[in-house]
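Chains as they are written, first to last, in my numbering: chain D, 123 to 375; chain F, 4 to 312.
From the three backbone atoms N, C-alpha and C, an ideal C-beta is built for every residue, glycine too.
Before any comments, here is the structure.
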Ligand SMILES: Nc1ncnc2c1ncn2[C@@H]1O[C@H](COP(=O)(O)OP(=O)(O)O)[C@@H](O)[C@H]1O
Ligand SMILES: [Mg+2]
């Protein structure tokens, strides 16, 4: 393992993040405040506590997951698409690095940014509601793995995309609906029976449910199913990336 | 000297069916400067890309410093520095950071002394904190070279380094190339400026339509292919070349004042003596005599125009 190369990629990618640190920090803070005003105060006042948790506190895990997933995908996809677009990818492809080192560098940076945003949202939420985290280690584990796996997904998307429209359309058309309908802001049990069953085909449901379980010890699906789902998803993404580098698809003609 | 780069039977056919390289083989010795000439689309960039790992070859084998570029790519690639044809740089990053990145990427320990040497070598030191987007085109090209040198490569590929650069940068670059050569760095450059090959290369290769149609010592090439010309100026014009001189390959200028004699550089100098003798016997008064040798450019054009042998 060539740690110097990984470090170089990671630092170079993070420097883009630090150049826009203020924006990276302010925008999740503002959006979190808005969510609390709308869902917590305005709507939440009319919604009963869900499984004994006030609605304001109930949405916190979903809100974190929602932002982490969308941010991880967009950071990671842009992170690899941009060098491809401006041509600087030549240097990485001609460097003495293997696919794993490239992935750790790029995905690690994207995941770090997503993690940062997740933590900012968690911290902001503390100003609005009381939050207890019953299973802190599971919570941290799920947060980390979600950052990583959705960054892996974004990385694949960035390699696949041939133009900026594709880069933005896929998250918009596929990932945002899945995340929105994944129970970020409601419990699956609030849905009619039919939609409850449909929801079980949405992989994001398992993540958000598991994450909420880590906070409040209640969930739509079992925590084992959640852990299982996220690990399978991560391994699947790594395997796809392995194939991409093995065949040179979209990278090496 | 050992071979630093060895290419055997290298071919590349792109997915769209375009054959960009066809069975190219050659070796480059350590410390040698090889210039690859060829018109646009000849396959020069593809050749470099296949060596550096940017393009997957269809067939063939490449070793750099004795390491196979596929089975032993880590060791092979860590020896290579690549300056691509197109300028590709992260616009918002500082010059020094992009150069540091390159060094780290190639697995070298951070070394700001080395970075400083490289930046000074390319007259970039006072620009080290500028963002790439603030630099002129020539400066960006210098940054590309600095990035390629940041990890102290043993083989440097320069893909059309002179395309669109000013005279000053070209001169700096030629000097850099000769400095690097004196440190034993092997250099392969592509160009379609013949003067460039003529000025700095030890050997010259010509690629046309994906084939290496010639590879030769520059001097030998000039000697072998170079035709010499003698221009003999006369004191008074003549209407026709005297019959006695008809055995030589001569032609008369329009004003009748100059006789041009084309001959093979390899041929014995005897012929010139004979010609001069015949001229004096013919009672022609010579006022001046000038010889010239055809440049690589002329050789190159004659090669490209004739279908390859
Ligand atoms: N990625 C690619 N896909 C398909 N064809 C390509 C690609 N890159 C280059 N070619 C073709 O291969 C040939 C050689 O190109 P190139 O190596 O760039 O030539 P040169 O550098 O000598 O100008 C050209 O006909 C070019 O159109
Ligand atoms: Mg080219």
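Proximal chain F residues relative to residue i, where beta-carbon distance stays under 8 Å
i	result
residue 370 of chain D	59
residue 137 of chain D	96, 100
residue 334 of chain D	Correct list: empty, because the minimum Cβ distance to chain F is about 39 Å.
Inter-residue spacing [alpha-carbon to alpha-carbon] between residue i and residue j
i	j	result
residue 339 of chain D	residue 257 of chain D	8 Å
residue 247 of chain D	residue 228 of chain D	29 Å
residue 269 of chain D	residue 245 of chain D	17 Å
residue 90 of chain F	residue 214 of chain D	15 Å
residue 26 of chain F	residue 349 of chain D	53 Å
residue 77 of chain F	residue 133 of chain F	32 Å
residue 222 of chain D	residue 306 of chain F	47 Å
residue 138 of chain D	residue 208 of chain D	15 Å
residue 179 of chain D	residue 265 of chain D	17 Å
residue 173 of chain D	residue 158 of chain D	19 Å
residue 242 of chain D	residue 255 of chain D	16 Å
residue 189 of chain F	residue 359 of chain D	41 Å
residue 319 of chain D	residue 342 of chain D	11 Å
residue 300 of chain F	residue 40 of chain F	10 Å
residue 10 of chain F	residue 71 of chain F	10 Å
residue 278 of chain F	residue 239 of chain F	18 Å
residue 133 of chain D	residue 231 of chain D	8 Å
residue 3 of chain F	residue 67 of chain F	Residue numbering for chain F in the displayed model covers 4 to 312; residue 3 of chain F lies beyond these limits and cannot be assessed.
residue 311 of chain F	residue 281 of chain D	In this predicted model, residue 311 of chain F has a pLDDT of only 44, less than 50, meaning its place in the structure is not dependable enough to derive any value.
residue 216 of chain F	residue 45 of chain F	11 Å
Test: residue i CB closer than 9 Å to a CB of chain F
i	result
residue 212 of chain D	yes
residue 304 of chain D	no
residue 220 of chain D	yes
residue 134 of chain D	yes
residue 124 of chain D	yes
residue 339 of chain D	no
residue 168 of chain D	no
residue 127 of chain D	yes
residue 361 of chain D	no
residue 375 of chain D	yes
residue 299 of chain D	no
Contact list for residue i against chain D, beta-carbon separation under 9 Å
i	result
residue 150 of chain F	213
Min CB distance residue i to chain D below 9 Å
i	result
residue 73 of chain F	no
residue 94 of chain F	yes
residue 192 of chain F	no
residue 230 of chain F	no
residue 77 of chain F	yes
residue 133 of chain F	no
residue 208 of chain F	no
residue 26 of chain F	no
residue 18 of chain F	yes
residue 327 of chain F	Within the shown structure, residues of chain F are numbered from 4 to 312, placing residue 327 of chain F beyond reach of any answer.
residue 56 of chain F	yes
Interface partners of residue i on chain D, CB under 7 Å
i	result
residue 89 of chain F	209
residue 43 of chain F	Under the 7 Å cutoff, chain D gives no residues; its nearest Cβ is about 18 Å from residue 43 of chain F.
Chain C residues whose Cβ lies nearer than 7 Å to that of residue i
i	result
residue 217 of chain D	Given the protein chain composition of this structure (D and F), no chain C is represented.
Cβ-heavy atom distance, residue i to ligand 2, below 8 Å
i	result
residue 163 of chain F	yes
residue 288 of chain D	no
residue 193 of chain F	yes
residue 88 of chain F	yes
Heavy atom of ligand 3 within 8 Å of residue i beta-carbon
i	result
residue 184 of chain F	Looking for ligand 3 in the displayed structure turns up nothing; the ligands present are ligand 1 and ligand 2.
Listed by chain order, chain D residues near residue i by CB distance under 8 Å
i	result
residue 83 of chain F	216
Partners in chain F for residue i, counting only beta-carbon separations shorter than 9 Å
i	result
residue 131 of chain D	104, 107, 108
- Query: What residues does ligand 1 have around it, judged by CB closer than 6 Å to any heavy atom, in chain order?
  - Reply: D:375, F:17, F:19, F:21, F:23, F:41, F:43, F:44, F:45, F:46, F:47, F:48, F:49
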